[in-house]
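Protein chains in written order, with our numbering: chain A, 74 to 418; chain B, 537 to 740.
Comments concern the structure below.
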Amino acid sequence: MTNKQINKFTVGVKLIGYWIIGLLVVLVVLVVFSTEAEASSVSLSVNPPILQITAKPPAKITAPIKIKNLGEETVELQILLKPFTAAKSEDGKVQYLPQTRSFDEEFPILSKIRLFEENTSIDSLTLAPEQEKELTLYIEVDKSESLGDYYFSLVFLSQSNPPEGNVSGSSAGISTNVLLSIGPKGQPAAEISKFSAPKYLQEGPVPFTVKITNTGKQFLTPKGYIIIKNMFGQRIGKVDLMPVNILAETTRQIPDEQTATEKLKRSTISNQPSDINKPTALWREKFLLGLYTANLTMGVTEEGPVLNKKIYFFAFPAYGIILVIAVLLGLFVIYKKIKRKLKNP
Amino acid sequence: MSAGKPTGAQYSVSFTAGQTGAGLYSGSNYKVKSGFQYIYPFIGFAFSISSIEINFGTLSATNPVTRTNTLTVSNQSAGGYMVTAFENHPLLVPATGTKIPDTTCDGGSCSESLAAAWTNPLTYGFGYRCDAITTNYCVSDFTNGTYYKQFADDSNSETAQTIMDSSVSGKNQQAEITYKVNISATQPAGQYSNVITYIATPTF
């Protein structure tokens, strides 16, 4: 290269360099001075999601509860206590009692429920980003306390700033449920209000509907299973039922353990509600043929009583059998034609 | 601490924890079972809202404005959950009390408990709908894509309504909430606001 060419090349490189630096500066300025604001969010978690307490008066009950701010901004939480009963959907969801009721008069025990942070009773708290606090639920049960069950949610509710402008502000609340049973354990009483399956199926899985009604005055956690036998009396399947809580004088539909604890595949991007959302006990056997019996056994408590019920269902894979017959028929016709042709060439 | 508004004197006590097993506590005359022992007992029940300020901007007559945010629930430690919602009051100007009423939808048939179609730009008010993001966790009221509902109005003692729920454990179960507001030409000028409260409650 001549000196002139080298000079031209050097100038060219310098110009490119200045362009790159200029571009970088512009980018940095855009990023640093960007006026696009990130919307605020709120994210909370609570553990455990439920406390099941049995007590005999007098008692001073304590139980730990952890509340965590998973978000990136400090959050102020108000603490509320909301009594509930079982929702009519019979699936373990709560139905909060109307606020118009005088809870303090109807449930005097509620005035003796406190939440403590270290050794101080609180009705609100502040959590920094990613901060977790361990609180203590404290319930004082006097000797003269009315016996019975009390069900309530502890709700941690974020406080939103007064909105300005044409704005809808959002406040997030997260709950933990408390089932409190006061008094000596009475005689547990329950009944199988429903145990059914489709009478006829072509194939599995087999969806069982299991409903247990707690006819007693204290919540129960019955445990049970379904044994399936074929027409020869051979045991061929077992469905373990989820040990769920059934509130006093309510009914609950019970799923199987596997269905309730694993994430199932459901229809995607559809606003059609999935049937899998209902608590169903599934026997996941695919190929079924013949008459089956299903025997439900439920232990109301560890000490009994035990409830039993038997049902029958029939399975016949009609479409599969028809397809096999059609194929065999077709092969037979072909065979006959070939045979005739060979006889009469 | 009581239902609705927390009240009560301050107490000071000290505690002695009596843990007898994972998630099991006991003391004199009582026993506590903490969590569902058969489902991931060490993972908390979590709930988040993606954006807590829904800004509709400047409203003009017969031009509906929609905005969205996302609700996310992780309930690996619980068998199921529900999210209920209510508004403290309809959108209103705090200084004057002038309201944008909750919508009754096109046929005048929607309420806080019943959804109906809202597509007419001459139907005014404030409402919402819930949509699936991947899997559907919204209540069945919103199967039709044009359906909206009112938020339950706490100032009118209306009961909070369930907007999303599930009966199975899972992580990051999401739903998108669409807020819609439309005003008439006679709506007085002003800054209209309210607060929507969402409460996530696990099953028992």
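Glycine included, every Cβ here is placed at the ideal spot set by N, Cα and C.
Kindly give me the distance between the Cβ atoms of B:Tyr-715 and B:Ile-590, rounded to whole angstroms, as I take these residues to be in contact under 8 Å. In this structure, B:Tyr-715 and B:Ile-590 form a Cβ contact; the two beta carbons are roughly 5 Å apart against a cut-off of 8 Å.
Look up A:Val-115 in the DSSP assignment and say whether it is helix, strand or coil. Strand at A:Val-115.
Flag B:Glu-589 as yes if its beta-carbon sits less than 7 Å from any beta-carbon of chain A, otherwise no. For B:Glu-589, the closest Cβ of chain A is nearer than 7 Å.
Ends of the alpha helix (DSSP H) at A:Lys-416? In this chain, the alpha helix (DSSP H) harbouring A:Lys-416 covers 391–416.
Pairwise C-alpha distance: A:Leu-274 and A:Phe-386: A direct Cα-to-Cα measurement between A:Phe-386 and A:Leu-274 gives close to 8 Å.
Closest residue to A:Leu-362 among A:Gly-393, A:Asn-239, A:Lys-129 and A:Pro-352 (Cα-Cα distance): Each of A:Gly-393, A:Asn-239, A:Lys-129 and A:Pro-352 was checked against the Cα of A:Leu-362, and the nearest Cα belongs to A:Gly-393.
If you follow the beta strand (DSSP E) that B:Val-568 is in, where does it begin and where does it stop? Residues 566–570.
So what does DSSP say about A:Lys-81, is it helix, strand or coil? In the three-state DSSP reduction, A:Lys-81 falls in the helix class (H, G or I).
CB contact below 7 Å: A:Ile-407 versus chain B: Contact with chain B is absent for A:Ile-407, since none of that chain's Cβ atoms lies less than 7 Å from the residue's Cβ.
Could you give the DSSP three-state label for B:Thr-543: helix, strand or coil? Caution applies to B:Thr-543, whose pLDDT of 32 falls short of 50 and renders its modelled position unreliable; the value that the coordinates give is listed next. Coil, per DSSP.
Mind checking if A:Tyr-298 is an interface residue toward chain B, Cβ cutoff 7 Å exclusive? With 7 Å as the cut-off, A:Tyr-298 does not count as an interface residue toward chain B.
Residue span of the beta strand (DSSP E) that contains B:Ile-735, given as start and end: 729–738 is the extent of the beta strand (DSSP E) around B:Ile-735.
Starting from the beta carbon of B:Ile-663, find every residue of chain A whose beta carbon is closer than 7 Å, and list them in chain order. Inspection of the sequence shows that residue 663 of chain B is occupied by Gly rather than by Ile. Neighbours of B:Gly-663 on chain A: none; closest Cβ ~11 Å, over 7 Å.
Counting C-beta neighbours from all protein chains within 10 Å, is the total for A:Tyr-91 16 or more, i.e. buried, or is it exposed? Label assigned to A:Tyr-91: exposed.
Measuring CB atoms only, is the segment 369–377 of chain A touching the segment 302–311 of chain A, in the sense that at least three cross pairs come out at less than 8 Å? The segment 369–377 of chain A makes no contact with the segment 302–311 of chain A, as fewer than three CB pairs between them are under 8 Å.
Going along chain A, which residues have a C-beta under 9 Å from B:Tyr-734? What B:Tyr-734 touches in chain A: Ser-243, Ser-244, Ala-245 and Gly-246.
Taking DSSP as the reference, what is the three-state secondary structure of A:Glu-264? A:Glu-264 falls in the strand class under three-state DSSP.
Would B:Ser-562 count as contacting chain A if we go by Cβ distances under 7 Å? Closer than 7 Å: no.
Is the Cβ of A:Lys-166 closer than 7 Å to any Cβ of chain B? By this cut-off, A:Lys-166 is an interface position.
So the beta strand (DSSP E) B:Val-629 belongs to, where does it begin and stop? Boundaries for B:Val-629: no beta strand (DSSP E) harbours it, and the DSSP string shows neither H nor E there.
Please report the straight-line C-alpha distance between A:Gly-242 and A:Val-148, rounded to a whole angstrom. Answer to the nearest angstrom: the Cα atoms are 14 Å apart.
Do you know offhand how far A:Leu-380's Cα is from A:Ile-265's? One C-alpha to the other measures close to 7 Å.
Cβ shell of B:Asp-677 (< 7 Å), same chain only, five flanking positions each side left out: Taking C-beta separations shorter than 7 Å and ignoring five residues to either side along the sequence, the partners of B:Asp-677 in its chain run Ala-651, Tyr-683 and Lys-685, following chain order.
Under 9 Å (Cβ pairs) to chain B, residues found in the segment 131–160 of chain A: Against chain B - using a Cβ distance shorter than 9 Å - the residues of the segment 131–160 of chain A are Pro-131, Ala-132, Lys-133, Ile-134, Thr-135, Ala-136, Pro-137, Ile-138, Lys-139, Ile-140, Lys-141, Leu-143, Gly-144, Gln-151, Ile-152, Leu-153, Leu-154, Lys-155, Pro-156, Phe-157, Ala-159 and Ala-160.
So the beta strand (DSSP E) A:Trp-356 belongs to, where does it begin and stop? Element bounds for A:Trp-356: 354–356.
Contact list for the segment 225–239 of chain A against chain B, Cβ threshold 9 Å: Listed by position along the chain: Phe-225, Ser-226, Leu-227, Val-228, Leu-230, Ser-231, Ser-233, Asn-234, Pro-235, Pro-236, Glu-237, Gly-238 and Asn-239.
Bridge partners for A:Ser-194 per DSSP, in chain order? The partner list for A:Ser-194 (beta bridge, DSSP) reads A:Phe-189.
In chain order, which continuous runs of the beta strand (DSSP E) of length 3 or greater are located wholly inside the segment 270–337 of chain A? Counting whole runs of 3 or more residues, the segment 270–337 of chain A contains the beta strand (DSSP E) stretches 279–287, 296–302, 308–313 and 324–326.
My understanding is that B:Ser-703 touches A:Ala-136, with C-beta atoms under 8 Å, so please give their C-beta distance in whole angstroms. Not really, about 26 Å apart at Cβ, beyond 8 Å.
With DSSP run on the structure shown, which of helix, strand or coil describes B:Asn-672? In the structure shown, the three-state DSSP call for B:Asn-672 is coil.
For chain A, is any of its Cβ atoms less than 7 Å away from the one on B:Ile-585? At least one beta carbon of chain A lies nearer than 7 Å to the beta carbon of B:Ile-585.
Would you say A:Glu-111 lies against chain B (beta-carbon separation less than 7 Å)? With a pLDDT of 48 at A:Glu-111, under the threshold of 50, the modelled position of this residue cannot be trusted; read the value that follows with caution. No, because no Cβ of chain B sits closer than 7 Å to the Cβ of A:Glu-111.
Residue interval of the beta strand (DSSP E) (run including A:Pro-378): For A:Pro-378, no beta strand (DSSP E) run applies, since DSSP gives it neither H nor E.
Going along chain B in order, which residues have a C-beta closer than 8 Å to the C-beta of A:Lys-351? Per Cβ cutoff of 8 Å: Ser-703.
What are the boundary residues of the beta strand (DSSP E) that A:Phe-157 is part of? First-last of the beta strand (DSSP E) with A:Phe-157: 148–159.
Would you verify that the beta carbon of A:Ser-254 is, or is not, closer than 7 Å to some beta carbon of chain B? Closer than 7 Å: no.
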